[in-house]
Amino acid sequence: MSEDNSPISAREAKRLFAGLKGAQGLLLAVSGGPDSVALMWLAARWHRSLSRGPRLTVVTIDHGLRPEAAREAREVKRLATGLGLPHRTVRWRGAKPKTGLPAAAREARYRLLVQAARLAGASHVLTAHTRDDQAETLLMRLVRGSGLAGLSAMARLTERDGVVLARPLLDVPKSQLIATLKRAKIGFADDPTNHDAAFTRPRLRALLPQLAAEGGDARSLARLAARLARANLAVEVLTDGAERFLRLRDRGDARQAGVRSFEASGFAALPEEVRLRILLRAINAFGHEGPAELGKVESLLAVLDQAIAASARAPANGRPALKQTLAGALISLAGGRIRIAPAPARRKGGSRVDKGGSWHRPFRDRAVRTP
């Protein structure tokens, strides 16, 4: 990539979008800010250089949170029309949450973009996340204590409900996009929430100059995220292999419908990070209360490890050595086997009752039940 303040050339733009040439259709998410306007301008420029390429559609999500948003959407439509691209504004309707608004708005944005992609016959949604965004995401997840997967930050390609989310500008600094728009004499909007210290991301963004002075600039942080993503992928491959290992040595009900089961001794022999991921995958597969929190799964794994060790010393004679629920999944240890299945429905007060009439409460990092 060129110097951080140099405009993006036609050759560089061609390289950025090269992997998308064969897509069924591309939906460009354009808010009106510099990053997304540059994405639209660069994509249109690239598209004109092709003899035949995917259809481009521009969509602006109006969250209904700022009075200026409607005007900005109209300006995006004007720019898109000038580039020969169809444009549509989609509004986030309904009541807005009083807390957790940024996360709710982000979830709504992706949901609406995927819906719009399907309507437009597009296989991909393109967003304008930059190297700066990648660095900020890493910092946000770092201060929240995320695990290796979270610290990998944003991937270049992900999938949501059958639609590919692509971030072709993830290695590009924001300053280059602004330089590109200035050379092309294209205006853009400035969302004031990007500078609002009431939100976490702007507060962390304000720290970047100080981090850069210590060598932790956006380039370094994005490189760290890429290295962590590489390590995370390696651990995922190891976890896949460990799950195959557990199935191969299993002689129990591992293939029973509606339950995941494996031998406790084989599970205990695996590295802690691999055990954690196997447990997390199973809970998320069979639970019905949303993704499990990593911290709670870590605590549960510690209790499960204790229970496995205690059971090895003194078998429980058929009684469960552990029986807990987490994220809508029931995790039990009995007869040297770990079983994860959907948990019974909750009753008033948060307790559950299974078919045999045995009561148990959701996991709260309680002490292990030993024989």
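The sequence shown begins at 1 in full-length UniProt numbering and counts up one residue at a time.
Even glycine gets a Cβ: it sits at the ideal position worked out from N, Cα and C.
Computed from a predicted structure; not experimentally measured.
Cβ of Ala117 within 9 Å of Cβ of Leu27?
Translated into the one-based positions of the sequence shown, residue 117 becomes position 117. Translated into the one-based positions of the sequence shown, residue 27 becomes position 27. Going by C-beta atoms, Ala117 is nearer than 9 Å to Leu27.
By DSSP, does His63 sit in helix, in strand, or in coil?
Numbered from its first residue, the sequence shown carries residue 63 at position 63. Of the three classes helix, strand and coil, the one that applies to His63 here is coil, per DSSP.
Can you tell me where the alpha helix (DSSP H) with Val76 in it begins and where it stops?
If you number the sequence shown from 1, residue 76 lands on position 76. If you look at Val76, you'll find it in the alpha helix (DSSP H) that goes 69 to 82.
Compute the distance between the beta-carbons of Pro168 and Leu326, then report whether it is under 9 Å.
By one-based count along the sequence shown, residue 168 stands at place 168. By one-based count along the sequence shown, residue 326 stands at place 326. It is not a contact, given that the beta carbons lie outside the stated cut-off.
Inter-stretch contact (C-beta, 8 Å, three-pair minimum) for the stretch 58 to 66 and the stretch 78 to 87
As far as the Cβ criterion goes, the stretch 58 to 66 touches the stretch 78 to 87, which means the pair count is three or higher.
Taking just the CA atoms, how far does Asp240 sit from Trp46?
Translated into positions along the sequence shown, residue 46 becomes position 46. Translated into positions along the sequence shown, residue 240 becomes position 240. Between Trp46 and Asp240, the C-alpha separation is close to 39 Å.
What would DSSP say about Val235, mapped onto helix, strand or coil?
Position 235 of the sequence shown, counted from the start, is the residue given in the question as residue 235. Reduced to three states, the DSSP call for Val235 is helix.
Cα-Cα separation, Glu289 to Gly295:
Here the question's residue 289 lines up with position 289 in the sequence shown. Here the question's residue 295 lines up with position 295 in the sequence shown. One C-alpha to the other measures close to 16 Å.
On the DSSP bridge list, what partners appear for Leu27?
The count along the sequence shown starts at 1 and reaches residue 27 at position 27. Beta bridge pairing from DSSP links Leu27 with Thr57, Val125.
How many Å lie between Pro202 and Leu148 at the Cα?
On the sequence shown, position 202 is the one that residue 202 refers to. On the sequence shown, position 148 is the one that residue 148 refers to. Answer to the nearest angstrom: the Cα atoms are 24 Å apart.
What is the DSSP secondary structure of Asp365, counted as helix, strand or coil?
Locating residue 365 in the sequence shown gives position 365, counting from the first residue. The predicted position of Asp365 is uncertain, since its pLDDT is 38 and thus under 50; a value taken from the coordinates is nonetheless stated next. Coil, per DSSP.
Rank Leu101, Leu50, Ala44 by C-alpha distance to the C-alpha of His87 and give the top, closest one.
Residue 87 sits at position 87 when you count from the first residue of the sequence shown. Checking every option, the nearest Cα to that of His87 belongs to Ala44.
Less than 8 Å between the CB atoms is what I'm expecting for residue 450 and Ala128, so what's the real figure, rounded?
This structure does not reach residue 450, given that the chain is present from 1 up to 371, and the question cannot be answered.
Check each candidate in Arg277, Arg205, Leu300 and name the one with the smallest Cα separation from Asn232.
Here residue 232 corresponds to residue number 232 of the sequence shown, with the count starting at 1. Checking every option, the nearest Cα to that of Asn232 belongs to Arg277.
Would you mind stating whether Asp171 and Arg66 have Cβ atoms separated by less than 9 Å?
Residue numbering aside, residue 171 sits at position 171 when the sequence shown is read from its first letter. Residue numbering aside, residue 66 sits at position 66 when the sequence shown is read from its first letter. Contact: no.
Nearest-angstrom Cα distance between Pro102 and Gly64?
The residue labelled residue 102 in the question sits at position 102 within the sequence shown. The residue labelled residue 64 in the question sits at position 64 within the sequence shown. Roughly 13 Å between the two C-alpha positions.
Residues near Glu293 by beta carbon distance below 8 Å, same chain, minus five either side:
Numbered from its first residue, the sequence shown carries residue 293 at position 293. So the list reads Ala327, once near-sequence residues are dropped.
Alpha carbon to alpha carbon, how far is Asp217 from Pro209? Give it in angstroms, no decimals.
As a working note, residue 209 is residue 209 in the sequence shown. As a working note, residue 217 is residue 217 in the sequence shown. Pro209 and Asp217 have their C-alpha atoms some 7 Å from each other.
For Ala314, which option in Leu221, Gly335, Arg15 has the closest C-alpha, if you only look at C-alpha atoms?
Here residue 314 refers to the residue found at position 314 when the sequence shown is read from its first residue. Closest option to Ala314, Cα to Cα, is Gly335.
In the DSSP assignment, the beta strand (DSSP E) including Glu159 goes from what residue to what residue?
Position 159 of the sequence shown holds residue 159. In the DSSP assignment, Glu159 falls within the unbroken beta strand (DSSP E) covering 157 to 160.
Give me the residue from Ala345, Asp4, Thr99 with the minimum Cα distance to Ala198.
Here residue 198 refers to the residue found at position 198 of the sequence shown. Nearest Cα to Ala198 within the set Ala345, Asp4, Thr99: Thr99.
Residue range of the alpha helix (DSSP H) that includes Lys21:
Counted from its first residue, the sequence shown places residue 21 at position 21. It is not in any alpha helix (DSSP H) - Lys21 carries neither H nor E in the DSSP assignment.
State the beta-bridge partners of Val90 as determined by DSSP.
Working through the sequence shown from its first residue, we reach residue 90 at position 90. Answer is Ile61, bridged to Val90.
Own chain partners of Asp365 with C-beta closer than 6 Å, once the 5 adjacent residues on each side are dropped:
Here residue 365 is taken as the residue at index 365 of the sequence shown, counted from 1. Confidence at Asp365 is low in this model, with a pLDDT of 38, below 50, so its placement is unreliable and the value that follows should be read with caution. Around Asp365: Ser299.
For Gln24, is the classification buried or exposed, using 16 other Cβ atoms within 10 angstroms of its Cβ as the cut-off for buried?
What you label residue 24 is simply residue 24 of the sequence shown in a count that begins at 1. Exposed, by the Cβ-count rule.
Give me, in chain order, the residues of the same chain whose beta-carbon lies closer than 6 Å to that of Ala367; leave out the 5 immediate sequence neighbours on both sides.
Taking the sequence shown and counting its residues from 1, one reaches residue 367 at position 367. Confidence in Ala367 is poor, its pLDDT being 36 and thus under 50, which makes the residue's placement unreliable; the coordinate value appears in the next sentence. Excluding five sequence positions before and after Ala367, none of the CB atoms of its chain fall closer than 6 Å to its own CB.
Grab the span of the beta strand (DSSP E) containing Ser332 for me, first residue to last.
Within the sequence shown, residue 332 is the residue found at index 332, counting from 1. Looking at the DSSP string, the run of the beta strand (DSSP E) that includes Ser332 is 329 to 334.
What is the DSSP secondary structure of Ala189, counted as helix, strand or coil?
Position 189 of the sequence shown holds residue 189. The three-state reading of DSSP puts Ala189 in coil, since its state is none of H, G, I, E or B.
Tell me the DSSP bridge mates of Arg339?
Reading the sequence shown from its first residue, position 339 is the one you call residue 339. According to DSSP, which records beta bridges pairwise, Arg339 is partnered with Ser261, Ser332.
Assign Ser9 to one of two classes, buried (16 or more other C-beta atoms within 10 Å of its C-beta) or exposed (fewer than that).
For the purposes of this step, residue 9 is taken as the residue at position 9 of the sequence shown. With fewer than 16 other CB atoms across the displayed protein chains lying within 10 angstroms of its CB, Ser9 is exposed.
Would you mind working out which of Ala310, Asp305, Ile283 sits nearest Pro342, comparing C-alpha positions?
Residue numbering aside, residue 342 sits at position 342 when the sequence shown is read from its first letter. Considering only alpha carbons, the answer is Ile283.
From the DSSP output, in three-state form, read off Leu322 for me.
Working through the sequence shown from its first residue, we reach residue 322 at position 322. Here Leu322 carries a strand assignment [DSSP, helix/strand/coil].
Let me confirm a value: Glu273 is counted as buried when at least 16 other C-beta atoms fall within 10 Å, else exposed. Which label applies?
Here residue 273 refers to the residue found at position 273 when the sequence shown is read from its first residue. Of the residues assessed, Glu273 falls on the exposed side of the cut-off, its CB having fewer than 16 other CB atoms within 10 angstroms.
Closest by C-alpha distance to Ile141, when choosing among Ala222, Ala321, Gly32, Arg244:
Along the sequence shown, read from residue 1 onward, the residue named residue 141 stands at position 141. Before going further, note that residue 141 is Arg rather than Ile in the sequence given. Minimum Cα-Cα distance from Arg141 among the listed residues Ala222, Ala321, Gly32, Arg244 corresponds to Ala222.
Under the three-state reduction of DSSP, which class applies to Val163: helix, strand or coil?
Taking the sequence shown and counting its residues from 1, the one referred to as residue 163 is at position 163. Three-state result, Val163: strand.
If you compare alpha carbons, which of Gly287, Ile338, Leu304, Lys182 is closest to Phe262?
Residue numbering aside, residue 262 sits at position 262 when the sequence shown is read from its first letter. When the alpha-carbon of Phe262 is set against those of Gly287, Ile338, Leu304, Lys182, the nearest one is in Ile338.
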